[in-house]
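**Q** Have a look at this one.
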Amino acid sequence: MSDCVFCKILAGEIPSKKAYEDDQVLAFYDIEPKAPVHILVIPKQHLSGAAAVTAENSAVVAHIFEVIARLTKELGLADYRVVTNNGPDAGQTVPHLHFHILAGGKLGGMA
Ligand code: AMP
1 MSDCVFCKIL AGEIPSKKAY EDDQVLAFYD IEPKAPVHIL VIPKQHLSGA AAVTAENSAV
61 VAHIFEVIAR LTKELGLADY RVVTNNGPDA GQTVPHLHFH ILAGGKLGGM A
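Letter 81 of the sequence shown, counting from 1, is numbered 81 in the working numbering, and no numbers are missing.
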C-alpha cells in the first residue's frame, strides 16, 4: 500500500535496521524501542492487522513464529514477549500486520 510506512520500509523507501529477511517476511529493529531489544516482524504481503488473517493467508503467520523462534535463538534471547496490537484502541499505530519481539531484560507485567 502506497501510504503504509512498513510497505515503504519493504520497498526501501524508508531505511530500517534489518534483523532478518526472506521471501515472505522482514524483521527490523523498532525505531522507538520499548525494551532493550525490540524487533518487529512483518509479512511482505500487506495485511492490515491480526483481524485480516484468514485461512487463505495464515501460513505466513506460522512462518513468522518460526522466524521468531530461530531469530531469538540466534540473538541469544531465551526469554521474550511477542505482541501484536489490532486496532487503535489496542495501540496499533501502523496498519500493517506486525509482531513485536520484546526482550533483553525483565519485562513488566501485562494482561
Ligand atoms: P504498533 O503501535 O503496535 O502499531 O507498533 C508500531 C511500531 O512501529 C511502533 O513500536 C513504532 O515505534 C514502530 N515504527 C514506526 N515507524 C517505524 C520505522 N520507520 N522504523 C521502525 N519502527 C517503526
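Here a beta-carbon is modelled for each residue, glycine too, at the ideal position from N, C-alpha and C.
Kindly indicate which residue of Pro-95, His-100, Lys-73 has the alpha-carbon position closest to the one of Arg-81.
**A** Minimum Cα distance to Arg-81 is reached at His-100.
**Q** Please determine, among Val-25, Asn-86, Tyr-29, Ile-9, the residue with the shortest C-alpha to C-alpha distance to Ala-62.
**A** Nearest option by C-alpha distance: Val-25.
**Q** At a cut-off of 7 angstroms, is Gly-91 close to the ligand AMP when judged by its beta-carbon and the heavy atoms of the ligand?
**A** Flag set: Cβ of Gly-91 near the ligand AMP.
**Q** Taking the alpha-carbon positions, what's the Ala-102 to Ser-16 distance?
**A** Before going on, a small fix: residue 102 reads as Leu here, not Ala. Between Leu-102 and Ser-16, the C-alpha separation is close to 17 angstroms.
**Q** Given 7 angstroms as the limit, tell me if Asp-23 has its C-beta closer than that to any heavy atom belonging to the ligand AMP.
**A** False, no ligand heavy atom lies under 7 angstroms from that Cβ.
**Q** To which residues of the same chain is Tyr-20 closer than 7 angstroms at the C-beta, ignoring the five residues directly before and after it?
**A** Hits under 7 angstroms: Ala-27, Val-67, Leu-71.
**Q** Where does Pro-95 land, buried or exposed, given buried means 16+ other C-beta within 10 angstroms?
**A** Pro-95 is buried by the Cβ-count criterion.
**Q** In whole angstroms, what is the alpha-carbon distance linking Ala-69 and Lys-106?
**A** Using only the alpha carbons, I get a separation of about 19 angstroms.
**Q** Which partner residues of His-38 appear in the DSSP bridge assignment?
**A** For His-38, which the question treats as bridged, DSSP gives the partners Leu-102.
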